[in-house]
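Q:
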Amino acid sequence: MKVKVRYFASLRDKIGRSDEQVSFDGASATVSDLWTKVSNIPASDSILVAVNMEYTNMNHKLKDGDEVAFFPPVTGG
Amino acid sequence: MKVKVRYFASLRDKIGRSDEQVSFDGASATVSDLWTKVSNIPASDSILVAVNMEYTNMNHKLKDGDEVAFFPPVTGG
Amino acid sequence: MKVKILKDAMDPYKEVSDYEREALPPGKHGGVVLFVGTMRDFNDGNDVRAMSLDHYPGMTEKHIEKVMQEAHDRWDIMDSYVVHRVGDMVPTDPIVLVAVWSAHRRDSFDACRYIINYLKESAPFWKCEVTKAGVKHWVEHNSEDPGVAKRIAK
Amino acid sequence: MKVKILKDAMDPYKEVSDYEREALPPGKHGGVVLFVGTMRDFNDGNDVRAMSLDHYPGMTEKHIEKVMQEAHDRWDIMDSYVVHRVGDMVPTDPIVLVAVWSAHRRDSFDACRYIINYLKESAPFWKCEVTKAGVKHWVEHNSEDPGVAKRIAK
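Protein chains in written order, with numbering that gives the first Met the number 0: chain A, 0 to 76; chain B, 0 to 76; chain C, 0 to 153; chain D, 0 to 153.
1) Have a look at residue 52 (chain A) and residue 37 (chain A) and give me their C-alpha separation to the nearest angstrom.
2) Taking just the CA atoms, how far does residue 127 (chain D) sit from residue 60 (chain D)?
3) Throw me the rounded Cβ distance for the residue 30 (chain A) and residue 4 (chain A) pair, which I believe falls under 8 Å.
4) Quick one: measure Cβ to Cβ for residue 110 (chain D) and residue 137 (chain D), integer angstroms, because I've assumed they're closer than 8 Å.
5) Assign residue 56 (chain C) to one of three DSSP states: helix, strand, or coil.
6) Leaving out five residues before and five after residue 22 (chain A) in sequence, what residues of the same chain have Cβ atoms less than 6 Å from its Cβ?
7) Taking the DSSP output, what are the residues bridged to residue 44 (chain A)?
8) If contacts are defined as beta-carbon pairs under 8 Å, then residue 49 (chain D) and residue 10 (chain D) qualify, I think. What distance do you get, rounded to the angstrom?
9) Could you check what DSSP says for residue 153 (chain C) in three-state terms: helix, strand or coil?
10) Does DSSP classify residue 52 (chain A) as helix, strand or coil?
11) State yes or no: is the beta carbon of residue 79 (chain D) nearer than 8 Å to at least one beta carbon in chain A?
12) Consider the Cβ of residue 1 (chain C): report whether some Cβ of chain D lies at a distance smaller than 8 Å.
13) Under 8 Å, CB to CB, which of the residues in the region 80-95 of chain C have a partner in chain D?
14) Flag residue 118 (chain D) as yes if its beta-carbon sits less than 8 Å from any beta-carbon of chain A, otherwise no.
15) How is residue 93 (chain C) classed by DSSP in three states: helix, strand or coil?
16) Can you give the Cα-Cα distance for residue 114 (chain C) and residue 68 (chain C), rounded to whole angstroms?
17) Where does residue 50 (chain C) sit, in a helix, a strand or coil, going by DSSP?
18) Quick check: the region 64-75 of chain B against the region 33-48 of chain B, are there 3 or more CB pairs under 8 Å?
19) How many angstroms separate the CA atom of residue 9 (chain B) from the CA atom of residue 58 (chain B)?
20) Count the other CB atoms within 10 Å of the CB of residue 106 (chain D); is the residue buried (16 or more) or exposed (fewer)?
21) What in chain A is Cβ-close to residue 121 (chain D), meaning under 7 Å?
22) What did DSSP end up calling residue 5 (chain B) once you bin it into helix, strand or coil?
23) Using a beta-carbon distance below 8 Å, is residue 149 (chain D) in contact with chain A?
24) Look at residue 94 (chain C) and residue 130 (chain C) and say whether their C-beta atoms are less than 8 Å apart.
25) Is any beta-carbon of chain C found at less than 8 Å from that of residue 9 (chain B)?
26) Whole angstroms is fine: what's the gap from residue 149 (chain D)'s alpha carbon to residue 65 (chain C)'s?
27) To the nearest angstrom, how far is it from the Cα of residue 85 (chain D) to the Cα of residue 119 (chain D)?
28) I'd like to know whether the C-beta atoms of residue 80 (chain D) and residue 102 (chain D) end up nearer to each other than 8 Å.
29) Looking at the unbroken alpha helix (DSSP H) that takes in residue 61 (chain A), where does it start and where does it end?
30) Taking DSSP's pairing of strands, which residues face residue 84 (chain D) in a bridge?
31) Among A:61, A:65, A:75 and A:43, whose alpha-carbon lies nearest the alpha-carbon of residue 27 (chain A)?
32) Let's test the definition: count the other Cβ atoms within 10 Å of the Cβ of residue 30 (chain D) and tell me whether it reaches 16, buried, or not, exposed.
33) Helix, strand or coil, according to DSSP, for residue 62 (chain C) in the structure here?
34) Put residue 71 (chain D) into one of helix, strand or coil per three-state DSSP.
35) Is it buried or exposed for residue 19 (chain A), if we count other Cβ within 10 angstroms and need 16 for buried?
36) Can a CB atom of chain C be found closer than 8 Å to the CB of residue 0 (chain B)?
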């Protein structure tokens, strides 16, 4: 299973990349599994996640081809 | 004592004039006295009054030189 | 704080843009809330073809300024601007513009709403409508504020 | 209903004027409520010289549309238009425009406020400020909405 991962704002600076492709051996993985794979930062309230451009949480089950984004709390407008 | 009287909107049409000078013999008169002098229409909630461009009511005591305006409820904006 | 009574057509977006450029110190306000009221082509079920708006020159400005001052006293706002059409107009014409600038948007929203509500309720303007059948009639009450004008000066 | 993400300077009054002329049937709306948020030259006590706004192309538009749709479901409004700047900007630059048209102003006020509040709270934008001392830093939370972003996706 392959997913596309994107990082934004201060989290992109911390991770050091803006996007990447990540592969999993098994057919099932959660956002939490992905986060552990790509980062050493502990999951917390200050890391938001979206799958296919919809807000979700760390328990979300991923499918092949998903686009997953990690970013800090928004500060728009 | 002399006052200037102005009428607006539907009340101007009913009264048949837009403004006039009204004189009183005595030194004191109320808006109510003035209204009785200029019109046969009974005073009611649907006749608003302003003296010197401030909303007031029929009991207001007039002074020489006052500008008194009678008009229907406002329908602005 | 400024009130303008306009006899000719109004471009509300140009009005607010010009006022902001001329009157507001740049970089200090966080936002502006604007209300623009336009003439609709229906009111109480009649097909309205045209409208004439009567006002009381002098008192109208004075009264709107009083309402604006109340908003300035009550909320933390930086400036406000009101433009109101009078005279003959047709459907789609903008009638009234209320703009309120503040550091924080909450104050602008509350103050703008206050000004337009009390302006409509109490400022001396009177609508005379002309229907498609050619009938002229004075509007008896504001469709959005039935009866409220009666509360004035009690 | 339309969302526009702009990389270049925005003239909010021209934006809303153009949209209204192109998208709104004339004579049917009674009013429009507009919020324009501009960049101030101060935030949390720093003297901010410039700002860069990051966003998530695709999700940002989709999320704002969702917020607008919620407003359309909840209030009786005719149309809505949101324009949001991204990229580099300086103090006094307009950042966001929210415009809501309706027959009755109450709906426009409520819906406009709802859209700007939830857009600020939840739409994927991130501010990076540059202070007069040349220091760049990501803004940690919106000064008007401390902590609210954390409520998302719970």
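Glycine included, every Cβ here is placed at the ideal spot set by N, Cα and C.
Please read all numbers here as calculations on a predicted model, not as lab measurements.
A: According to the structure shown:
1) By 1-based counting over the first sequence, the position of residue 52 (chain A) is 53. By 1-based counting over the first sequence, the position of residue 37 (chain A) is 38. Looking at the two C-alpha atoms, the distance is approximately 19 Å.
2) Residue numbering aside, residue 60 (chain D) sits at position 61 when the fourth sequence is read from its first letter. Residue numbering aside, residue 127 (chain D) sits at position 128 when the fourth sequence is read from its first letter. Distance between the alpha carbons of residue 60 (chain D) and residue 127 (chain D) is about 20 Å.
3) Reading the first sequence from its first residue, position 31 is the one you call residue 30 (chain A). Reading the first sequence from its first residue, position 5 is the one you call residue 4 (chain A). Rounded, the Cβ-Cβ distance is 10 Å, inconsistent with contact.
4) Counting from one through the fourth sequence, the residue named residue 110 (chain D) turns up at place 111. Counting from one through the fourth sequence, the residue named residue 137 (chain D) turns up at place 138. No, residue 110 (chain D) and residue 137 (chain D) are not in contact; Cβ-Cβ is about 31 Å, not under 8 Å.
5) Translated into positions along the third sequence, residue 56 (chain C) becomes position 57. The answer is coil: DSSP assigns residue 56 (chain C) none of H, G, I, E or B.
6) To locate residue 22 (chain A), count along the first sequence from 1; it is residue 23. Hits under 6 Å: 1.
7) On the first sequence, residue 44 (chain A) is found 45 positions in, with the first residue counted as 1. The partner list for residue 44 (chain A) (beta bridge, DSSP) is empty, contrary to what the question assumes.
8) Position 50 of the fourth sequence, counted from the start, is the residue given in the question as residue 49 (chain D). Position 11 of the fourth sequence, counted from the start, is the residue given in the question as residue 10 (chain D). Actually they are not in contact, since the Cβ atoms of residue 49 (chain D) and residue 10 (chain D) sit about 20 Å apart, beyond 8 Å.
9) In the third sequence, the residue the question calls residue 153 (chain C) occupies position 154. Bear in mind that a pLDDT of 34 at residue 153 (chain C), under 50, signals an unreliable position, so the number given afterwards is only what the model happens to contain. Coil.
10) Here the question's residue 52 (chain A) lines up with position 53 in the first sequence. In this structure, residue 52 (chain A) counts as coil in the three-state DSSP scheme.
11) Looking up residue 79 (chain D) in the fourth sequence gives position 80. By this cut-off, residue 79 (chain D) is not an interface position.
12) Taking the third sequence and counting its residues from 1, one reaches residue 1 (chain C) at position 2. Output row for residue 1 (chain C): interface = no.
13) 90 and 91
14) For the purposes of this step, residue 118 (chain D) is taken as the residue at position 119 of the fourth sequence. Interface residue, yes.
15) The residue given as residue 93 (chain C) occupies position 94 in the third sequence. Three-state DSSP puts residue 93 (chain C) in a strand.
16) Stepping through the third sequence from its first residue, residue 114 (chain C) is reached at position 115. Stepping through the third sequence from its first residue, residue 68 (chain C) is reached at position 69. Rounded to the nearest angstrom, the two C-alpha atoms are 9 Å apart.
17) Counting from 1 along the third sequence, the entry for residue 50 (chain C) is found at position 51. Strand at residue 50 (chain C).
18) yes
19) The count along the second sequence starts at 1 and reaches residue 9 (chain B) at position 10. The count along the second sequence starts at 1 and reaches residue 58 (chain B) at position 59. Answer to the nearest angstrom: the Cα atoms are 23 Å apart.
20) Counting from 1 along the fourth sequence, the entry for residue 106 (chain D) is found at position 107. Label assigned to residue 106 (chain D): buried.
21) Start at 1 with the first residue of the fourth sequence, and residue 121 (chain D) comes out as number 122. Within 7 Å Cβ-Cβ: 73.
22) Locating residue 5 (chain B) in the second sequence gives position 6, counting from the first residue. DSSP places residue 5 (chain B) in strand when its eight states are reduced to three.
23) Locating residue 149 (chain D) in the fourth sequence gives position 150, counting from the first residue. Caution applies to residue 149 (chain D), whose pLDDT of 41 falls short of 50 and renders its modelled position unreliable; the model cannot decide the point.
24) Numbered from its first residue, the third sequence carries residue 94 (chain C) at position 95. Numbered from its first residue, the third sequence carries residue 130 (chain C) at position 131. Not in contact: residue 94 (chain C) and residue 130 (chain C) (Cβ atoms no closer than 8 Å).
25) Working through the second sequence from its first residue, we reach residue 9 (chain B) at position 10. With 8 Å as the cut-off, residue 9 (chain B) counts as an interface residue toward chain C.
26) Here residue 149 (chain D) refers to the residue found at position 150 when the fourth sequence is read from its first residue. Here residue 65 (chain C) refers to the residue found at position 66 when the third sequence is read from its first residue. Interpretation of residue 149 (chain D) is limited by its pLDDT of 41, a score under 50 that renders its predicted location unreliable; the figure taken from the coordinates is listed afterwards. Each residue's alpha carbon lies about 42 Å from the other.
27) Translated into the one-based positions of the fourth sequence, residue 85 (chain D) becomes position 86. Translated into the one-based positions of the fourth sequence, residue 119 (chain D) becomes position 120. Distance between the alpha carbons of residue 85 (chain D) and residue 119 (chain D) is about 14 Å.
28) Numbered from 1 along the fourth sequence, position 81 holds the residue referred to as residue 80 (chain D). Numbered from 1 along the fourth sequence, position 103 holds the residue referred to as residue 102 (chain D). No, the Cβ-Cβ distance between residue 80 (chain D) and residue 102 (chain D) is not below 8 Å.
29) Against the first sequence, residue 61 (chain A) aligns to sequence position 62. Here residue 61 (chain A) belongs to no alpha helix (DSSP H), and DSSP marks it neither H nor E.
30) Mapped onto the fourth sequence, residue 84 (chain D) falls at position 85. Looking at the DSSP assignment, residue 84 (chain D) forms a beta bridge with D:5.
31) The sequence position of residue 27 (chain A) within the first sequence is 28, counting from 1. Residue 27 (chain A) has its Cα closest to that of A:61, out of A:61, A:65, A:75 and A:43.
32) For the purposes of this step, residue 30 (chain D) is identified with residue 31 of the fourth sequence, where counting begins at 1. Result: buried.
33) Numbered from its first residue, the third sequence carries residue 62 (chain C) at position 63. Three-state result, residue 62 (chain C): helix.
34) In the fourth sequence, counting from the first residue as 1, residue 71 (chain D) sits at position 72. Helix.
35) In the first sequence, counting from the first residue as 1, residue 19 (chain A) sits at position 20. Exposed.
36) The residue labelled residue 0 (chain B) in the question sits at position 1 within the second sequence. No, residue 0 (chain B) lies away from the interface with chain C (no Cβ there is under 8 Å from its Cβ).
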